[in-house]
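Participant: Handing you this structure, nothing more for now.
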Amino acid sequence: MRVKATALILAGKRDGALDPLAMEAGVTHKCLVPVAGMPMLAHVIEALASSDRIGKIRICIEDGDVLQSLPSVRSLMASGRLTLVPARPNLVDSVLTSAEGAAFPLFITTADNVLLTPDAVAEMLDGCAARNADAAVAFTRRASVLAAHPQGQRKFYAFADDQYSNCNSYWMKDHAALAAAETFRSGGQFVKHPLRIVGAFGLINLIRFRFGIGTLDQAFARFSRRFRMTIAPVVLSDGAVAIDVDNGRSRDVATQVLVQRAGRTRAAA
């Protein structure tokens, strides 16, 4: 019997600030912004709750009361499957705190990952097992993203073998894998602390990653040596999972994809 992963959804505010999309929608948190008629977070919960590879679900948010209006949150909490965990000011501290007492492996994603599906979750977990990873990051190829929607993403990581986009999905085999995250405990938003990033990953590694020197696998092999654990990239086939909702454009793209999916589901019924 396969071990089910615990899912962690990061849904808190960045630096406690109100997101522009939340302001436009008149809600307190970005995770509550409607996309295709449902709050962002509800789409992510639905994908995870529908997966037979996910056991418990944890939502990390600084004010859990704002989620009580969501039927899926109330029902899953009543069944004991979902727990709310207070977010910390630091993103990494939020992950580390949320992982306390959780059953591993841990599948981590964000509340704006509205195009996540049970199939993508299964592909991620199978890929982690196949790579014998201690930790993993989900990517998808540029061609897959553009096949999902021609405006799905505008920026990609270019490597010698292909161009990739991050899918806002991460995996950790056990508590020991969190040691890599400890490097950034006091780092806050990494972009504001470049020297801490350099110290964690190494200048040469970062230069190679930034300029796509070598393949994606080779880049993660170097990161693995740096952290003394196997950190693997898992390439997902569904490029839509890379289309997270960050602004009005990506919200509209995600809405179109969700409407198309709903239409295919109705046609197949």
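Numbered by the working numbering, the letters in the sequence shown go through residues 9 to 277 in order.
We put the CB at the ideal spot given by N, CA and C, even for glycine.
1) Tell whether a beta-carbon distance below 8 Å holds between A128 and D246.
2) Along the chain, where does the beta strand (DSSP E) containing P241 start, and where does it finish?
3) Is it buried or exposed for E108, if we count other Cβ within 10 angstroms and need 16 for buried?
4) Could I get the ranges of all uninterrupted alpha helix (DSSP H) runs contained in the region 51-100, with 4 residues as the minimum, in chain order?
5) Can you tell which of N255, A275, Y172 has its C-alpha closest to the C-alpha of D225?
6) Could you give the DSSP three-state label for F147: helix, strand or coil?
7) Helix, strand or coil for T263 per DSSP?
8) When you compare the CB positions of D170 and R139, do they come within less than 8 Å of one another, or not?
9) Find the nearest neighbour of V122 within the set A185, C136, M48, judged by alpha-carbon distance.
10) Can you give me the C-alpha to C-alpha distance between G72 and A168, rounded to a whole angstrom?
11) For A44, which residues in the same chain have their Cβ closer than 7 Å to its Cβ, ignoring the five residues on either side in sequence?
12) According to DSSP, which residues form a beta bridge with A15?
13) Can you check which of these residues, S77, A15, N98, R96, is closest to A119 by C-alpha distance?
14) Can you give me the Cβ contacts of A110 inside the same chain, cut-off strictly under 6 Å, excluding the 5 residues immediately before and after it?
15) Between P42, R233, Q159, L104, which has its C-alpha nearest H183's C-alpha?
16) Taking just the CA atoms, how far does L99 sit from L18?
17) With distances taken Cα to Cα, identify the nearest neighbour of E131 among I62, E70, L84.
18) Strictly by DSSP, which residues pair up with S173?
19) Using C-beta distances below 6 Å, list every residue in its chain close to F115, excluding the 5 sequence neighbours before and after it, in chain order.
20) Use the C-beta contact count for N176: other C-beta atoms within 10 angstroms, 16 or more gives buried, fewer gives exposed.
21) Determine the direct distance from the alpha carbon of L75 to that of G20, and round the result to whole angstroms.
22) Any heavy atom of the ligand ADP closer than 7 Å to the Cβ of A156?
23) Could you tell me which of L26, M85, D134, L40 sits nearest to D60, measuring between CA atoms?
24) How is P47 classed by DSSP in three states: helix, strand or coil?
25) Below 8 Å on the Cβ atoms is my guess for D101 versus M237; work out the distance and round it to an integer in Å.
Facilitator: If we stick to the structure as given:
1) It is a contact, given that the beta carbons lie within the stated cut-off.
2) 239-244 is the span of the beta strand (DSSP E), which, as asked, contains P241.
3) Label assigned to E108: exposed.
4) Those alpha helix (DSSP H) runs which fall completely within the region 51-100 and span 4+ residues are 79-87.
5) The candidate whose alpha carbon is nearest that of D225 is Y172.
6) F147: strand per DSSP, three-state reduction.
7) Here T263 sits in helix by DSSP.
8) Result no, Cβ atoms of D170 and R139 do not sit closer than 8 Å.
9) Residue nearest to V122 within the set A185, C136, M48 is M48 (criterion: CA-CA distance).
10) Each residue's alpha carbon lies about 44 Å from the other.
11) Excluding sequence positions up to five before and after A44, its CB lies within less than 7 Å of the CB of T263, L266, V267, all in the same chain and listed in chain order.
12) According to DSSP, A15 bridges with I65, F115.
13) When each option's Cα is compared against that of A119, the closest is A15.
14) Non-local C-beta neighbours of A110 in its own chain, meaning closer than 6 Å and more than five positions away in sequence, comprise T14, ordered along the chain.
15) Looking at the Cα atoms, L104 is the closest of the given residues.
16) Taking C-alpha positions only, L18 is separated from L99 by approximately 9 Å.
17) Closest by alpha carbon: I62.
18) Among the bridge pairs identified by DSSP, S173 is matched with T148.
19) Correct list, in chain order: A13, A15, W179.
20) Buried.
21) Distance between the alpha carbons of G20 and L75: 11 Å.
22) Of the ligands one can find in the structure shown there are none, so the ligand ADP has no counterpart to examine.
23) Taking each of L26, M85, D134, L40 in turn and checking the Cα distance to D60, the smallest one comes out for D134.
24) Strand, per DSSP.
25) Cβ-Cβ separation between D101 and M237: approximately 20 Å, too far for a contact (criterion under 8 Å).
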